[in-house]
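The sequence shown maps to residues 53 to 592 in our numbering.
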Amino acid sequence: MKVTGQLVDIHNREIFPAQIIVEGEKIISITRVETANSEFILPGFIDAHIHIESSMLIPSEFARLAVIHGTIATVSDPHEIANVMGVEGVEYMIDNGNKVPFWFNFGVPSCVPATDFETAGAKLDSTAVEKLLQRDDLKYLTEMMNWPGVLFDDLEVKRKIGAAQKHNKPVDGHAPGLTGEEAMKYISSGISTDHECITYEEGKFKAEHGMKILIREGSAAKNFAALIPLIKEFPELIMFCSDDKHPNDLVVSHINELVSNAIKNGYDFFDVLRASCLNAHTHYNLNHGLLREGDSADFILVNDLKDFKVKQTFIRGKLVAQNGKSFIESIPEKIMNNFNCTEKQPDDFKLKSNGQMNIRVIEALDGQLITNEIIEHAKIINGFILSDVEHDILKFTVVNRYNVAPPSIAFIKNFGLKQGAIASCIGHDSHNIICVGVDDESICRAVNLIIKEKGGLSATDNMNDKVLPLPVAGIMSNADAYYVAKNYSSIDAFAKKLGTTLNAPFMTLSFMALLVIPDLKLSDKGLFSGKKFEFVSVGC
Numbered sequence: 053m054k055v056t057g058q059l060v061d062i063h064n065r066e067i068f069p070a071q072i073i074v075e076g077e078k079i080i081s082i083t084r085v086e087t088a089n090s091e092f093i094l095p096g097f098i099d100a101h102i103h104i105e106s107s108m109l110i111p112s113e114f115a116r117l118a119v120i121h122g123t124i125a126t127v128s129d130p131h132e133i134a135n136v137m138g139v140e141g142v143e144y145m146i147d148n149g150n151k152v153p154f155w156f157n158f159g160v161p162s163c164v165p166a167t168d169f170e171t172a173g174a175k176l177d178s179t180a181v182e183k184l185l186q187r188d189d190l191k192y193l194t195e196m197m198n199w200p201g202v203l204f205d206d207l208e209v210k211r212k213i214g215a216a217q218k219h220n221k222p223v224d225g226h227a228p229g230l231t232g233e234e235a236m237k238y239i240s241s242g243i244s245t246d247h248e249c250i251t252y253e254e255g256k257f258k259a260e261h262g263m264k265i266l267i268r269e270g271s272a273a274k275n276f277a278a279l280i281p282l283i284k285e286f287p288e289l290i291m292f293c294s295d296d297k298h299p300n301d302l303v304v305s306h307i308n309e310l311v312s313n314a315i316k317n318g319y320d321f322f323d324v325l326r327a328s329c330l331n332a333h334t335h336y337n338l339n340h341g342l343l344r345e346g347d348s349a350d351f352i353l354v355n356d357l358k359d360f361k362v363k364q365t366f367i368r369g370k371l372v373a374q375n376g377k378s379f380i381e382s383i384p385e386k387i388m389n390n391f392n393c394t395e396k397q398p399d400d401f402k403l404k405s406n407g408q409m410n411i412r413v414i415e416a417l418d419g420q421l422i423t424n425e426i427i428e429h430a431k432i433i434n435g436f437i438l439s440d441v442e443h444d445i446l447k448f449t450v451v452n453r454y455n456v457a458p459p460s461i462a463f464i465k466n467f468g469l470k471q472g473a474i475a476s477c478i479g480h481d482s483h484n485i486i487c488v489g490v491d492d493e494s495i496c497r498a499v500n501l502i503i504k505e506k507g508g509l510s511a512t513d514n515m516n517d518k519v520l521p522l523p524v525a526g527i528m529s530n531a532d533a534y535y536v537a538k539n540y541s542s543i544d545a546f547a548k549k550l551g552t553t554l555n556a557p558f559m560t561l562s563f564m565a566l567l568v569i570p571d572l573k574l575s576d577k578g579l580f581s582g583k584k585f586e587f588v589s590v591g592c
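Rendered as structure tokens:
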């Protein structure tokens with residue numbers, strides 16, 4: 053196969069007319085020519101940190117959407133399915149990903165469960181982590197969310213980091229808001245990246261101390277605008293990632309959008325390409341091609357260097373996408389799950405006031421994973437605390453999916469529902485059922501819709517129901533990617549008709565049980581302060 057065009061050489065920072073000869077999966081030669089087609093030939097894009105499970109698609113279906121935007125590789129943390137299914141879940145992701153032409157680079161989950169303050173479906177201790185790190189197809193130790201364990205020299209944490217260092221594999225970080233001496237100790241432990249920076253100042257401090265900063269723009273967390281100036285000062289330390297990308301968003305764009313936005317904002321073209329193509333390849337010692345002779349034939353063709361609308365995507369010498377159409381075929385895949393709870397009754401969601409007039413409330417922030425802890429006046433009727441729809445203080449619950457247990461109950465602000473409830477079995481990181489609603493009947497109905505399907509998303513106005521089944525571990529679908537994206541858009545629109553003004557209500561909901569990101573979150577065991585790293589009461 054011959055391909056001609058304007059070759060973008062990210063190694064020597066130049067663009068020149070070239071002819072590429074591909075035989076099988078490899079680039080045999082690259083020759084400068086006098087004239088060539090006007091299309092630009094670039095290395096394919098890399099998402100430097102993503103949980104494939106958050107797309108609600110199995111890897112083979114994720115690849116079908118990603119390639120149309122020029123993504124040829126991901127650095128993928130499978131800790132979502134690992135929290136549900138353990139090692140079996142990690143192997144499921146690897147095996148399914150290997151069935152399609154795409155570079156999935158999976159890591160070994162470092163925090164399963166994320167904390168001991170919640171119920172998960174599995175546990176990976178340091179012995180299990182050590183064994184997994186011996187595998188060549190697992191490239192790194194994934195985000196070390198247990199930052200208190202790092203700071204206080206927890207033995208299990210040290211063993212996991214030590215195992216990665218023993219096998220010469222990088223360790224990913226997760227340290228939102230950590231600066232000063234604490235950040236320096238976190239970095240000195242051997243952790244080399246962070247995708248959780250929120251402010252420019254935080255990112256700069258960590259970069260100045262040698263940490264590589266991943267600029268994240270996903271369906272929930274959007275930190276591009278705050279962090280992109282770092283690319284001028286630290287071009288060798290910056291990577292682009294999405295972290296979590298919902299299927300309807302993945303239909304529209306991926307890393308190509310970050311590249312286009314950075315170029316439109318005046319940042320150096322080759323620095324931007326480093327962040328989207330080269331830096332992750334170098335840091336994680338990846339195997340895909342970078343447009344050199346002898347490399348795997350992985351590259352993309354674009355019409356211009358502004359919009360980065362992808363004309364063609366090649367992976368291992370195969371044309372996998374052209375003009376928005378994916379040529380990767382759907383592959384039938386088995387279902388695996390771990391779901392053992394039983395249906396609930398409305399009375400299960402009642403909460404007595406215990407005489408207290410004020411309550412701690414989780415303040416959700418649109419476009420962020422962090423929350424605030426605020427104190428609000430409780431709405432109490434007949435001795436029970438109810439949702440206060442007028443003031444947007446709604447009842448919020450997490451239901452253990454792995455065992456029969458009473459729901460955990462708290463209150464949350466900024467979801468804005470005026471009627472009904474929405475629920476999800478995507479509840480980072482243990483993936484228990486998580487639900488917010490205006491009354492106990494609606495909450496119970498939404499929760500039971502998920503229990504009936506053994507996973508998925510639901511929304512109800514108490515007369516009409518919407519459900520997106522996710523039968524694979526309760527968090528992914530093995531159905532066609534476009535079908536899942538369409539049905540997700542439908543349930544998202546239905547949720548917004550219930551009154552929520554959040555841009556991505558289900559994505560925001562999914563992080564309200566992630567205890568390792570402060571300030572205030574809810575697990576199946578109770579209300580949890582991410583700052584104090586301990587349980588706190590609802591009433592105060």
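Using N, Cα and C, we set each Cβ at its ideal position, and we do this for glycine too.
None of the values given here were measured: they were computed from a predicted structure.
Item, Value
"Contact between the stretch 166–175 and the stretch 127–145: three or more CB pairs below 8 Å?", "yes"
"With a 10 Å radius around its C-beta and 16 neighbouring C-beta atoms as the bar for buried, classify P384 as buried or exposed.", "exposed"
"For D400, which residues of its own chain have a beta-carbon under 6 Å away from its beta-carbon, when the five flanking residues on both sides are left out?", "P459"
"Going by the beta-carbon positions, is the gap between F467 and V488 smaller than 7 Å?", "yes"
"Taking the alpha-carbon of L330 as reference, which of V74, P69, V588 and I98 has the nearest alpha-carbon?", "I98"
"So, is C530 buried or exposed, given that buried needs 16 or more other C-beta atoms within 10 angstroms?", "One point to set straight first is that residue 530 is Asn, not Cys, in the sequence displayed. With 16 or more other Cβ atoms within 10 Å, it is buried."
"Within the same chain, show all residues whose beta-carbon is closer than 6 Å to that of I602, passing over the 5 residues directly before and after it, in chain order.", "Since the first residue of the chain shown is 53 and the last is 592, residue 602 is not available in this structure."
"Could you spell out where the beta strand (DSSP E) holding C487 opens and where it closes?", "I485 to G489"
"Suppose contacts are defined by Cβ-Cβ distances below 7 Å. Is L338 in contact with N150 by that definition?", "no"
"Report yes if the C-beta distance between C496 and P557 is below 7 Å; otherwise report no.", "no"
"Going along the chain, which unbroken runs of the beta strand (DSSP E) with 3 or more residues stay wholly within the stretch 362–415?", "362–367 and 370–374"
"Between which two residues does the beta strand (DSSP E) containing V450 stretch?", "I445 to V451"
"Looking only at its own chain, which residues have a Cβ that is under 7 Å from the Cβ of F585, when we skip the five neighbours before and after it?", "P200"
"Any chance you could list the beta strand (DSSP E) runs of at least 3 consecutive residues sitting entirely within the stretch 298–367, in chain order?", "351–354 and 362–367"
"Just checking, does the stretch 497–507 make contact with the stretch 69–85 on the three C-beta pairs under 8 Å criterion?", "no"
"Closest to G582 by C-alpha separation, out of N198, E113, Y192 and D177, would be which residue?", "N198"
"Under 8 Å: do the stretch 226–245 and the stretch 568–577 share three or more Cβ pairs, one atom per stretch?", "yes"
"How should T365 be labelled, buried or exposed, when 16 other C-beta atoms within 10 angstroms of its C-beta is the threshold for buried?", "buried"
"Report the CB separation of W155 from I124 in whole angstroms; it is logged as a contact under 8 Å.", "6 Å"
"How should A277 be labelled, buried or exposed, when 16 other C-beta atoms within 10 angstroms of its C-beta is the threshold for buried?", "exposed"
"So, under 8 Å CB-CB, I414 and F448 are touching, yes? Tell me the CB distance rounded to an integer number of Å.", "7 Å"
"If you draw a straight line from the alpha carbon of G255 to that of V456, how long is it in whole angstroms?", "43 Å"
"Kindly indicate which residue of H298, D168 and R326 has the alpha-carbon position closest to the one of K284.", "R326"
"Rounded C-beta distance between Y192 and D147? I'm assuming under 8 Å.", "So it is not a contact: roughly 19 Å between Cβ atoms."
"Identify which residue in L417, E143 and M196 has its Cα closest to the Cα of I250.", "L417"
"Note the first and the last residue of the continuous beta strand (DSSP E) segment covering A425.", "Before going on, a small fix: residue 425 reads as Glu here, not Ala. Per DSSP, E425 belongs to the beta strand (DSSP E) from T423 to H429."
"Using only alpha-carbon positions, find the residue among H480, I461, A498 and G551 that is nearest to D129.", "H480"
"So A475 packs on I461, CB below 8 Å; how close in whole Å?", "No, A475 and I461 are not in contact; Cβ-Cβ is about 14 Å, not under 8 Å."
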